[in-house]
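The block underneath contains the structure these notes are about, expressed in structure tokens.
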Amino acid sequence: MRTMMYVVGVAVVAAAVQAQEEAPRSSVAATPAAEVPKLIEQLGAQDYQARLDATRQLCRIGPAALEPLRAAQRHESFEIAARAQRLVRLLERQYFGGVRVTLSVSKTHFAWNEPIDLTIEFTNTSSFDARLPFDAGAGSAGDTDADLAQVRGMIDAGEYLEVTDAAGNVLDLRVDDVAESPAIARLIRERAESGPVEILSPGRSAIIRLTAFNRGWARFPLLAPGAATVQFRYLPQWPHEEPFLGFEKDGVGAVVSEPLRLTIEPGAPPGVSSTGRTADVVVERQGEEYIAYLICLYDRPVAVNAHFGTTPPFAQLRWTCRVGDEDRILTAGDVGKLAEFTGDRFLSVEPGSRVELGRITVARARQTAEALPAPSGSPTLVAAYVNVASRAWQIEQADRDTDNWKSLPDAARQPFPPRVVTGHLRSDPVQVGREP
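Each residue of the sequence shown is one higher than the one before, starting from 0 at the first, in numbering that gives the first Met the number 0.
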């Protein structure tokens, strides 16, 4: 499955800071081209070890050996022709042969939440054609949706980026919920099945620009303060059998850029999740009230549905008092009616910040506890936030064209904000003392 991505045609990266442009650290061997015909003849050698050695050397030479190997597929020796044919199939699947890869960014010193553009330049320094697994002539020029253009680039090129944060963690590519955009979901399905290939002729260069590679819909979230690195790293997939064993460890066919060094300062607030958790609910007592808050743990702002009711598009805030195995749900606040859904109660919450969901009095919690059986143990109070209404929910309802969707007011059918918090989030229990 291909999980690549590419973007091209976004605005030219200003004040690009070039990484060192040394030759790629590739395992293409220094075997003279004149040796290739001799190695091909060795593919038919009676000695098994000689055949293995010739195969290994031809693989290390890589795409530079393709033309002679293609000709050898018509060799009068069946053994040579068959082995040459297999090598052609393997080498034709490889990318970036003879290509120098250079990375640059719009800024090398930036805050954790500052969008940074990454530029990848590919230069074919060889005398033969190189294959690139994306179309460097496509990109935002053909995309009216900026998010689609951003994700396109990140999917194609992100597979080959190794991003290490200041804590030494190799970051995974993080993608917001693709169900919120049918176009992005379709793009990812297409890329999972196949993708474009561009031929880069000798001496030519191609440039791919990844917009907001650390802050976009698809991104490498650089949250930890300090030094981070970005490196392009490609390694072909070799068969796990002789004579190819050890190739991956030795980096045969690998193309690696020089590392690009970045400094993130300041880092993200302590509460921001490095694993992609979205939100949490906490309950605090302030004076004679218990207050429920939703905390944004995500690395991008989220929206909280504060239209409270019983069924979608409303969310629910449930207060539950528990004593032993007995519990009772308390209602809190007004219950909205469908006709009253306005669509203006989506609250934006920044990473590490929180928003109030609702509150109840201490007296009410105690009264509820008093009404429950009194086994050993203290009564506790839990707040739960429940919501399914989001852009993805709207798209699903519209696609199904349900009676429920048709009955919704216009405000509920207008696009909701991105990244609405969904799910069933429960707070940790807090102790509710009984009246003395």
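Positions of the beta carbon are idealized from the N, C-alpha and C atoms, including for glycine. Note that this is a predicted model, so its numbers are computed, not measured.
CB-CB length for valine 100 against phenylalanine 231, believed under 8 Å = Start at 1 with the first residue of the sequence shown, and residue 100 comes out as number 101. Start at 1 with the first residue of the sequence shown, and residue 231 comes out as number 232. The Cβ separation is near 5 Å, so the contact holds.
query = Between the Cα of alanine 165 and the Cα atoms of Glu264, Glu287, Asp427 and Ser272, which residue gives the shortest distance?
reply = The residue given as residue 165 occupies position 166 in the sequence shown. Checked all of Glu264, Glu287, Asp427 and Ser272; the closest Cα to alanine 165 is Glu264.
request  = Measure from the alpha carbon of alanine 226 to the alpha carbon of each residue in Gly202, Phe243, Thr421 and Arg260, then state which is nearest.
outcome  = The sequence position of residue 226 within the sequence shown is 227, counting from 1. The option with the nearest alpha carbon to alanine 226 is Arg260.
ask   = What do you get for glycine 138, buried or exposed, if any count of 16 or more other CB atoms within 10 angstroms of its CB means buried?
value = Here the question's residue 138 lines up with position 139 in the sequence shown. With a pLDDT of only 47 at glycine 138, under the threshold of 50, the placement of this residue in the model should not be trusted; the figure read from the coordinates follows. Result: buried.
inquiry  = Based on DSSP bridge pairs, tell me the residues matched to cysteine 474.
reply    = The chain is shown from 0 up to 435; residue 474 falls before or after that span and cannot be answered.
task = Using beta-carbon positions only, say whether valine 431 and cysteine 320 come within less than 8 Å of one another.
result = Against the sequence shown, residue 431 aligns to sequence position 432. Against the sequence shown, residue 320 aligns to sequence position 321. Taking 8 Å as the Cβ cut-off, valine 431 and cysteine 320 qualify as a contacting pair.
ask   = Shortest alpha-carbon distance to proline 408 belongs to which of Ile359, Ala368, Lys106 and Thr341?
value = Residue numbering aside, residue 408 sits at position 409 when the sequence shown is read from its first letter. Nearest C-alpha to proline 408: Thr341.
query = With a cut-off of 8 Å, does the C-beta of alanine 338 fall near any C-beta of chain B?
reply = Absent from the structure is chain B; it holds one protein chain and no more.
ask   = Which runs of the alpha helix (DSSP H) fall wholly inside the stretch 28–83 and span at least 4 residues, in chain order?
value = 34–41, 47–60 and 65–71
ask   = Going by other Cβ atoms of all chains shown within 10 Å of its Cβ, with 16 needed for buried, is leucine 65 buried or exposed?
value = The residue labelled residue 65 in the question sits at position 66 within the sequence shown. Result: buried.
inquiry  = Tell me which residues share the same chain as arginine 55 and place their Cβ nearer than 7 Å to its Cβ, disregarding the 5 neighbours each side in the sequence.
reply    = By one-based count along the sequence shown, residue 55 stands at place 56. Contacts found: Pro242.
request  = Apply the 10 Å Cβ neighbour rule to threonine 210 and answer buried if 16 or more other Cβ atoms are within range, or exposed otherwise.
outcome  = As a first step, residue 210 must be located in the sequence shown, where it is residue number 211. Flag for threonine 210 reads buried.
inquiry  = Quick check on this structure: which residue in Trp111, Phe109 and Ser103 has the alpha carbon closest to the alpha carbon of isoleucine 119?
reply    = If you number the sequence shown from 1, residue 119 lands on position 120. With distances taken between Cα atoms, isoleucine 119 lies closest to Ser103.
message = I'd like the span of the beta strand (DSSP E) that includes isoleucine 115, first residue to last.
response = Residue 115 sits at position 116 when you count from the first residue of the sequence shown. It is not in any beta strand (DSSP E) - isoleucine 115 carries neither H nor E in the DSSP assignment.
query = What are the boundary residues of the beta strand (DSSP E) that includes leucine 209?
reply = Taking the first residue of the sequence shown as 1, we reach residue 209 at position 210. First-last of the beta strand (DSSP E) with leucine 209: 204–209.
task = Identify every residue that forms a DSSP beta bridge with phenylalanine 231.
result = Residue numbering aside, residue 231 sits at position 232 when the sequence shown is read from its first letter. Looking at the DSSP output, phenylalanine 231 sits in a beta bridge with Leu160.
ask   = Are the stretch 415–428 and the stretch 171–185 touching by the rule of at least three beta carbon pairs closer than 8 Å?
value = yes
task = Could you pull out every residue in the same chain whose Cβ sits closer than 6 Å to the Cβ of alanine 383, ignoring the five residues on either side in sequence?
result = Walking along the sequence shown from the start, residue 383 turns up at place 384. Correct list, in chain order: Arg317 and Arg425.
key: Neighbourhood of glycine 43 by C-beta, 6 Å cutoff - its chain only, sequence neighbours within 5 removed   = For this step, residue 43 is matched to residue 44 along the sequence shown. Only Ser76, Glu78 and Ile79 meet the Cβ criterion.
query = What is the residue span of the alpha helix (DSSP H) that arginine 185 lies within?
reply = Here residue 185 refers to the residue found at position 186 when the sequence shown is read from its first residue. It spans 181–192 - the alpha helix (DSSP H) in which arginine 185 sits, taken as one unbroken run.
task = May I ask which residues mark the beginning and end of the alpha helix (DSSP H) holding threonine 367?
result = Within the sequence shown, residue 367 is the residue found at index 368, counting from 1. Where threonine 367 is concerned, the enclosing alpha helix (DSSP H) stretches over 361–369.
inquiry  = Taking a contact to mean a Cβ-Cβ separation below 8 Å, would you say tryptophan 216 touches valine 150 in this structure?
reply    = The residue labelled residue 216 in the question sits at position 217 within the sequence shown. The residue labelled residue 150 in the question sits at position 151 within the sequence shown. A contact, by the Cβ cut-off of 8 Å.
Which of helix, strand or coil DSSP assigns to alanine 314 = Stepping through the sequence shown from its first residue, residue 314 is reached at position 315. Three-state result, alanine 314: strand.
request  = Tell me where the alpha helix (DSSP H) around serine 406 begins and ends.
outcome  = In the sequence shown, the residue the question calls residue 406 occupies position 407. Start and end: 402–406.
message = Taking only three categories from DSSP, how would you classify arginine 412?
response = Indexing the sequence shown from 1 puts residue 412 at position 413. Arginine 412 carries a helical assignment under DSSP once its states are collapsed to helix, strand and coil.
key: Reduced DSSP category for glutamine 396 - H, G, I as helix; E, B as strand; rest coil   = Position 397 of the sequence shown holds residue 396. The answer is helix: DSSP assigns glutamine 396 an H, G or I state.
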